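Colleague:
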Amino acid sequence: VGQFGFAILSDIEAFFLIEASQGDQRSNVLQAPKVTLFNGQQATVIDAAQVPFVISVVPVVGEFAAAQQPVIVVLSEGTMLTVQAVVSDDRRYVRLTLVPFFSQIGDVSTFTFEGSETTTSSSNTTDQDGDGNNESNDNANTVVRSGTTVQLPTFQVISVSTTVSVPDGGTVLLGGIKRLKEGRSEAGVPLLSKMPYIDRLFRNVGIGRETDSLMMMVTPHIIIQEEEEERRGIAVE
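In structure tokens:
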């Protein structure tokens, strides 16, 4: 995670920033939502994916049977931005209280609860020596075990709160959030790649890293009801 910061951009600076981002193949404009709210009201924008996990089991006992009921928890992975806007008395500036919230699901550990165990056996009857008498042959028993697997995910959360004063039509840029993903792959010759001292000669290790940088742009526009109605040609009583 990098250092979080913000900057106030003019219209032309915001325009050039968006144009430069769209021209770079490594960057994408994910969302461009618009929210209308009253003076002093709070609004929330969420861009997240919900992932269910089985984190536990609860035993359920009936009259003639018993079972395990899974406990499912849904975690949201993504970005959430909460904004509260207050217009100044001269209607020239907007005081924005911004609370970005970033969540990411990390590694998931699994654990299996052993349940019931069932044993089945089978036998067949054949005449192997041809004397007219059938002999019974017992096959090996088959053991079937049932259980429930629970998941224990790690959940990473980053949240920042800041208050800025932005002119009407100005843009505040929030940036500095970086996410690093790392993967490791290993391949080698069996046995030889596990032997000390010479394992490096028979083993290849690859490490891949992917870094994502997230930036947010918030642009407030003050809407005066009387002026908006007059602009749209609505009669004002």
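If you count the sequence shown from 1, position 98 lands on 137 in the working numbering, and the numbers rise without skipping. Just so you know, even glycine gets a beta-carbon here, dropped at the ideal spot from N, CA and C. Because the structure is a prediction, the values reported are computed rather than measured.
When the Cβ atoms of the segment 194-205 are set against those of the segment 233-248, are three or more pairs found closer than 8 Å?
Modeller: Not touching, per the Cβ criterion.
Colleague: Throw me the rounded Cβ distance for the Val112 and Ile94 pair, which I believe falls under 8 Å.
Modeller: Taking the sequence shown and counting its residues from 1, one reaches residue 112 at position 73. Taking the sequence shown and counting its residues from 1, one reaches residue 94 at position 55. The Cβ separation is near 5 Å, so the contact holds.
Colleague: Could you pull out every unbroken alpha helix (DSSP H) segment of at least 4 residues lying fully inside the segment 181-255, listed in chain order?
Modeller: Segments of the alpha helix (DSSP H) lying fully in the segment 181-255: there are none.
Colleague: Of the residues Ala124, Ala88, Pro139 and Ala87, which one's Cα is nearest the Cα of Leu76?
Modeller: Residue numbering aside, residue 76 sits at position 37 when the sequence shown is read from its first letter. Ranking the options by Cα distance to Leu76, first place goes to Ala124.
Colleague: Look at the alpha carbon of Gly247 and the alpha carbon of Ala226, and state the distance between them as a whole number of angstroms.
Modeller: Here residue 247 refers to the residue found at position 208 of the sequence shown. Here residue 226 refers to the residue found at position 187 of the sequence shown. Using only the alpha carbons, I get a separation of about 14 Å.
Colleague: Determine the direct distance from the alpha carbon of Glu266 to that of Asp251, and round the result to whole angstroms.
Modeller: Counted from its first residue, the sequence shown places residue 251 at position 212. Counted from its first residue, the sequence shown places residue 266 at position 227. One C-alpha to the other measures close to 42 Å.
Colleague: CB-CB under 8 Å to Asn243, same chain, minus the five flanking residues each way: which ones, in chain order?
Modeller: Within the sequence shown, residue 243 is the residue found at index 204, counting from 1. Once the five neighbours on either side are set aside, the close Cβ partners of Asn243 are Glu225, Ala226 and Gly227.
Colleague: Quick one: what does DSSP say Val40 is sitting in, helix, strand or coil?
Modeller: Start at 1 with the first residue of the sequence shown, and residue 40 comes out as number 1. Because the pLDDT at Val40 is just 48, under 50, the model does not fix this residue reliably, and the value given afterwards should be weighed accordingly. Three-state result, Val40: coil.
Colleague: How close, in whole Å, do the beta carbons of Ser200 and Val138 come, if the pair is a contact with beta carbons under 8 Å?
Modeller: Position 161 of the sequence shown holds residue 200. Position 99 of the sequence shown holds residue 138. Going by Cβ atoms, the distance from Ser200 to Val138 rounds to 5 Å, so yes, they are a contact pair.
Colleague: On the criterion of 16 or more Cβ atoms from any shown chain inside 10 Å, does Ser148 qualify as buried, or is it exposed?
Modeller: By 1-based counting over the sequence shown, the position of residue 148 is 109. Exposed.
Colleague: Please name the residue, chosen from Leu230, Ser232 and Phe140, that lies closest to Met279 on a Cα-to-Cα basis.
Modeller: Look at the range of the chain in this structure, 40 to 276, and you will see that residue 279 is not part of it.
Colleague: Does Leu120 pass the burial test, meaning 16 or more other C-beta atoms within 10 Å, or should it be called exposed?
Modeller: Within the sequence shown, the letter at position 81 stands for residue 120. Its Cβ being crowded by 16 or more others within 10 Å, Leu120 is buried.
Colleague: Among Leu135, Thr187, Arg131 and Arg130, which has the Cα closest to the Cα of Gly107?
Modeller: If you number the sequence shown from 1, residue 107 lands on position 68. The sequence shown places Gln at residue 107, rather than the Gly named in the question. Per the Cα distances, Thr187.
Colleague: I need the DSSP call for Leu56, collapsed to helix, strand or coil.
Modeller: Taking the sequence shown and counting its residues from 1, one reaches residue 56 at position 17. Leu56: helix per DSSP, three-state reduction.
Colleague: Please work out which residues of its chain come closer than 7 Å, Cβ to Cβ, to Glu116, disregarding the five sequence neighbours upstream and downstream, and give them in chain order.
Modeller: As a working note, residue 116 is residue 77 in the sequence shown. For Glu116, where only same-chain residues beyond five positions count, the Cβ hits under 7 Å are Ala87, Ala88, Val90, Ser142, Gln143 and Ile144.
Colleague: Under a three-way DSSP split, which group does Glu116 fall into?
Modeller: Taking the sequence shown and counting its residues from 1, one reaches residue 116 at position 77. DSSP places Glu116 in strand when its eight states are reduced to three.
Colleague: Exposed or buried, what is Gly209 when buried is set at 16 or more other beta-carbons lying within 10 Å of its beta-carbon?
Modeller: The residue given as residue 209 occupies position 170 in the sequence shown. Buried, by the Cβ-count rule.
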